[in-house]
Amino acid sequence: MPTDLIIGNWKMHKGLVTEALALTEALISLPLFPEREVAIAPPFTVLFPVAERLRHGKSQIKLSAQNVHSEAQGAYTGEISATMLAHVGCSLVLVGHSERRILFSESDEFINRKLLAVIAAGMRAVLCVGETLQERERGQELQVVRGQIEKGLAGVSPIVARAGVVIAYEPIWAIGTGKTAFPRAAQEMHAFIKERLTVMYGLSVANAIRILYGGSVKPENIRELMEMPDINGVLVGGASLELESFRKIICY
Ligand code: 13P
């Protein structure tokens, strides 16, 4: 079984150096369980100071970016490449978060190119997938997630998938709404994703790819979620912004 992975996605919060470092400093002092990998995904502007602080504190906490551009360099005003992120100390990058798919019209093809760029730069890509409420109400959630997984992972070999890919299932209706998917419903989707990964890469690789759940993860529901056999970690938004709630999640 893979080690569990817990990622705090700060989104567009804690972007001032002082507040980012204050939270980082507090996180560094927490005891970590060796069987649980922990990462934080601060905004771009504070990645470097946060990376330095983690390094100086000899912390095991990993650094993740929230987004990346697919190209290595060029005339892409306002964009950040995978090499730049690796250079400041990121070892993980989220790709295809629903907020980017919806608010910035990112396509599966673009997300796939980002994922390949992240892996080529020596980092791990966290491919985020998940259906809208409408799609679920129409009974299309499996088909939607299957499409996102297959298109997002196009061109990824089994060896690369094993070392470089994490999946995060975040049903859009559960993000920031306080409505967590019932652990059993999340488990059903995770089992489906695992089955698709097994078809694509074989059981041994599918077993090694972590499938995280995201969407209103809180101290009150972390244990129940993590008890599900195919939930290998969580992607936490709001509850990762406060030390006490994130502590309760990583030390559940
Ligand atoms: P919340 O935990 O705030 O619902 O956000 C989930 C999310 O989008 C993490 O990437």
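Residue numbering for the sequence shown follows my numbering, starting at 12 and increasing by one per position.
A virtual CB, placed ideally from N, CA and C, is assigned to each residue, including glycine.
- Distances from the CB of residue 43 to the heavy atoms of the ligand 13P are all 7 Å or more.
- If you compare the alpha carbons of 205, 198, 187 and 189 with that of residue 177, the shortest gap goes to 205.
- The C-beta of residue 75 has 16 or more other C-beta atoms within 10 Å across all chains shown, which makes the residue buried.
- Residue 20 is bridged by DSSP to 52.
- For residue 119, the three-state secondary structure derived from DSSP is helix.
- Only residues of its own chain outside the window of five on either side were considered, and among them 80 have a CB closer than 7 Å to the CB of residue 87, listed in chain order.
- Look at residue 87 here: in three-state DSSP terms it is coil, with no helix or strand label.
- Here residue 261 is buried. Its C-beta has 16 or more other C-beta atoms within 10 Å.
- Straight across, the Cα-Cα distance linking residue 46 with residue 28 is about 30 Å.
- Straight across, the Cα-Cα distance linking residue 59 with residue 168 is about 31 Å.
- With a cutoff of 7 Å, residue 254 does not count as near the ligand 13P, since its C-beta is closer than that to no heavy atom of the ligand.
- Listed as beta-bridge partners of residue 153 by DSSP are no residues whatsoever.
- The beta carbon of residue 166 lies closer than 8 Å to those of 123 and 127 in the same chain, with the five residues before and after it left out.
- In the structure shown, residue 180 adopts extended strand secondary structure according to DSSP, grouped into three states.
- Of the heavy atoms belonging to the ligand 13P, at least one sits nearer than 7 Å to the Cβ of residue 186.
- Beyond the five residues adjoining it in sequence on each side, residue 151 comes within less than 8 Å, by CB distance, of 142 in the same chain, given in chain order.
- Shortest gap from the CB of residue 246 to any heavy atom of the ligand 13P: under 7 Å.
- Listed as beta-bridge partners of residue 222 by DSSP are 178.
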